[in-house]
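Q:
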Amino acid sequence: TVGAVARDAEGRLAAATSTGGMTAKRAGRVGDSPVIGAGTFADDGTCAISATGDGEAFLRLSVAHEIDARMRLRGESLRSAAEAVIGSDLEAIGGSGGLIAIDRDGAIVTPYNCEGMYRGWVLGSGERETAIY
Amino acid sequence: SGYSLAIHGGAGVLPRERMTAEREAATHAALGRVLSAGEAVLSGGGSALDAVTEAVAALEDEPLFNAGRGAVFTRDGKHEMDAAVMVGRDRSAGAVAGICGPRNPVRLARAVMERTSHVLMIGEGALGIARDAGLAFEDDAYFFTQERWDSLQETLRMEQSGELDDDPARRHG
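Line by line, the protein sequences give chains A and B.
Its first residue numbered 244, the first sequence is counted upward by one per residue in the working numbering.
Its first residue numbered 4, the second sequence is counted upward by one per residue in the working numbering.
What follows is the structure, given as structure tokens:
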């Protein structure tokens, strides 16, 4: 699975995700990537999210929506909400994976609970990095 | 300039002990190319939607990652791809599932958002939107990579022999 989240110079947010699914999956099986609120989400008031990992677990937790709700209803920061959902909720149901997310101020978080996640980020200020583990 | 862009190529990373220096360098180089594709939009004043569309299309074009031409195989040796886009301004969204043919499934997800009143479309109906939108199609050979084929054979063999492990690198490509 691959994805991107962005905040443009006018403060607009967007998210995109794309996947081939899982090796040897049954025909017809669909994971979280194309399900809005699970693997892909964007709302200018809170955050944009693209997820990767055990699709069934991300679907059952409505991961992206859960993070948005924590921010919108409890006033949590993106970091706090994303790390709680990936670090605790996902772990609690035996799921593994991660996500990239950006908030309306352009802050980026990339939590994951497995060995690594292919990821990268670039800011208008010039910061730029790619990472694996 | 106030813009920010993040990308991911999936959580199915190769375990450290199997990661070679060449593979690691190739992966960082691919991620760097993708960041450049997305940043070229943002630094030119383009929209977040255009930036994520171009970044994910670039990721789909990289055979290293499990999407587009690097997509993993189903147990029947075929490809079924899914994609989605969403815009924060008004929560408009487009998504496709279970498709194979369009070179960039993310562009089809965006076509669903921009050319229909729907959010999620599957199968032949979704492919019809791709044709109407004039999106590029590829044949099965374009989506074939030996590494993914080998991974499928290994997974099926392990299932047969009852030794299937939980290796995310293999499962998630």
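Note that CB positions come from ideal geometry on N, CA and C, so glycine has one too.
Quick caveat: nothing in here was measured; it's all calculated off a predicted structure.
DSSP three-state call for residue 105 of chain B: helix, strand or coil?
A: Walking along the second sequence from the start, residue 105 of chain B turns up at place 102. Here residue 105 of chain B sits in strand by DSSP.
Q: I need the straight-line Cα distance from residue 329 of chain A to residue 6 of chain B, nearest angstrom please.
A: The sequence position of residue 329 of chain A within the first sequence is 86, counting from 1. The sequence position of residue 6 of chain B within the second sequence is 3, counting from 1. Approximately 25 angstroms between the Cα atoms of the pair.
Q: Do residue 114 of chain B and residue 132 of chain B have their C-beta atoms within less than 8 angstroms of each other?
A: Here residue 114 of chain B is taken as the residue at index 111 of the second sequence, counted from 1. Here residue 132 of chain B is taken as the residue at index 129 of the second sequence, counted from 1. Yes, the Cβ-Cβ distance between residue 114 of chain B and residue 132 of chain B is below 8 angstroms.
Q: Mind listing the chain A neighbours of residue 18 of chain B? Cutoff is C-beta to C-beta under 8 angstroms, in chain order.
A: As a position in the second sequence, residue 18 of chain B is number 15, starting the count at 1. Correct list: 358.
Q: Strictly by DSSP, which residues pair up with residue 246 of chain A?
A: Here residue 246 of chain A corresponds to residue number 3 of the first sequence, with the count starting at 1. Looking at the DSSP assignment, residue 246 of chain A forms a beta bridge with A:260, B:11.
Q: First and last residue of the beta strand (DSSP E) that includes residue 284 of chain A?
A: Along the first sequence, one-based indexing puts residue 284 of chain A at 41. Unbroken beta strand (DSSP E) run through residue 284 of chain A: 283-285.
Q: Count Cβ pairs between the stretch 92-102 of chain B and the stretch 65-81 of chain B that sit closer than 8 angstroms; are there 3 or more?
A: Touching, no.
Q: Checking contacts by CB at 8 angstroms: is residue 340 of chain A closer than that to chain B?
A: Here residue 340 of chain A is taken as the residue at index 97 of the first sequence, counted from 1. Residue 340 of chain A counts as touching chain B.
Q: Residue 329 of chain A by DSSP, collapsed to three states: which one?
A: Stepping through the first sequence from its first residue, residue 329 of chain A is reached at position 86. Residue 329 of chain A: helix per DSSP, three-state reduction.
Q: By Cβ distance below 6 angstroms, which residues in the same chain neighbour residue 315 of chain A in space, the five residues on each side in sequence not counted?
A: For this step, residue 315 of chain A is matched to residue 72 along the first sequence. So the qualifying residues of the chain are 289.
Q: Below 7 angstroms CB to CB, which residues in the same chain sit around residue 130 of chain B once its five sequence neighbours on both sides are set aside?
A: The sequence position of residue 130 of chain B within the second sequence is 127, counting from 1. Same-chain partners within the cutoff: 102, 104.
Q: Compute the Euclidean distance between the alpha carbons of residue 245 of chain A and residue 85 of chain B, then round it to the nearest angstrom.
A: As a position in the first sequence, residue 245 of chain A is number 2, starting the count at 1. As a position in the second sequence, residue 85 of chain B is number 82, starting the count at 1. Distance between the alpha carbons of residue 245 of chain A and residue 85 of chain B: 11 angstroms.
Q: Applying a beta-carbon distance threshold of less than 7 angstroms, which residues of chain A neighbour residue 51 of chain B?
A: For this step, residue 51 of chain B is matched to residue 48 along the second sequence. Per Cβ cutoff of 7 angstroms: 249, 250, 251, 255, 256, 257.
Q: Could you confirm whether any beta carbon from chain A is found closer than 8 angstroms to the beta carbon of residue 66 of chain B?
A: What you label residue 66 of chain B is simply residue 63 of the second sequence in a count that begins at 1. False, the Cβ-Cβ gap to chain A never drops below 8 angstroms.
Q: In chain A, which residues lie with their C-beta within 7 angstroms of the C-beta of residue 108 of chain B?
A: Within the second sequence, the letter at position 105 stands for residue 108 of chain B. Ordered by position in chain A, the residues that pass the 7 angstroms Cβ test against residue 108 of chain B are 261.
Q: Does the CB of residue 6 of chain B have a neighbour CB from chain D at under 8 angstroms?
A: Looking for chain D here will not work: the only protein chains present are A and B.
Q: So residue 264 of chain A and residue 141 of chain B are supposed to be a Cβ contact under 8 angstroms. How far apart are they, rounded?
A: Walking along the first sequence from the start, residue 264 of chain A turns up at place 21. Walking along the second sequence from the start, residue 141 of chain B turns up at place 138. Incorrect: roughly 17 angstroms between the Cβ atoms, too far for contact.
Q: Checking the sheet assignment: what are the DSSP bridge partners for residue 360 of chain A?
A: Sequence index remark: in the first sequence, residue 360 of chain A carries index 117 (1-based). DSSP, once it has assigned bridges, lists no residue as partnering residue 360 of chain A.
Q: Report yes or no: do the stretch 12-27 of chain B and the stretch 45-54 of chain B share at least 3 C-beta pairs separated by less than 8 angstroms?
A: No: the two stretches stay apart, fewer than three of their Cβ pairs being nearer than 8 angstroms.
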